[in-house]
Amino acid sequence: MIKTQFLLGLGEEFFAKGLTDALPLLPVEENGRLHDHRLRENFIERIFAYKRWQLLINEPAKPSDLVAFHTSLSAL
1 MIKTQFLLGL
11 GEEFFAKGLT
21 DALPLLPVEE
31 NGRLHDHRLR
41 ENFIERIFAY
51 KRWQLLINEP
61 AKPSDLVAFH
71 TSLSAL
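Residue numbers (the working numbering): 1 to 76.
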């Protein structure tokens with residue numbers, strides 16, 4: 001039983017490392033920390049900011065688009 005739990009923990013850690021290596025800007029947070037409402041709210045805001053950033057960089061953008069993106073983040 002202990003060996004199985006140890007291996008599962010390694011698997012999860014290995015997966016998370018691979019994911020963060022492949023997508024370094026992707027918001028990630030430890031599950032236990034999401035019980036804190038402020039950390040959870042910040043995490044959700046980072047998820048939406050990441051999605052908006054992906055949309056911005058995958059389309060031709062003007063400098064004003066970048067300014068608008070940063071302005072929307074400073075309002076948070």
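Beta carbons: idealized from backbone N, C-alpha and C, even for Gly.
Whole-angstrom C-beta distance between P27 and F43, which should lie under 8 Å = Sequence index remark: in the sequence shown, residue 43 carries index 43 (1-based). Sequence index remark: in the sequence shown, residue 27 carries index 27 (1-based). With a Cβ gap of about 6 Å, F43 and P27 count as contacting.
Quick one: residues in its chain with C-beta nearer than 8 Å to the C-beta of F19, no 5 flanking neighbours on either side, listed in chain order?
-> Here the question's residue 19 lines up with position 19 in the sequence shown. Residue identity differs from the one stated: residue 19 is Leu in this sequence, not Phe. The residues are L26, V28.
Boundaries (first-last residue) of the alpha helix (DSSP H) holding N42 | Here residue 42 refers to the residue found at position 42 when the sequence shown is read from its first residue. First-last of the alpha helix (DSSP H) with N42: 37 to 57.
From T4 to K17, what does the alpha carbon distance come to, in whole angstroms?
-> For this step, residue 4 is matched to residue 4 along the sequence shown. For this step, residue 17 is matched to residue 17 along the sequence shown. Legend: pLDDT at T4 = 48, less than 50; position of this residue unreliable, value from coordinates given subsequently. T4 and K17 have their C-alpha atoms roughly 20 Å apart.
Distance, P60 Cα to R40 Cα | In the sequence shown, residue 40 corresponds to position 40, counting from 1. In the sequence shown, residue 60 corresponds to position 60, counting from 1. Each residue's Cα considered, the two are about 32 Å apart.
Cα-Cα separation, I47 to Q54 = Residue numbering aside, residue 47 sits at position 47 when the sequence shown is read from its first letter. Residue numbering aside, residue 54 sits at position 54 when the sequence shown is read from its first letter. One Cα belongs to I47, the other to Q54, and the distance between them is close to 11 Å.
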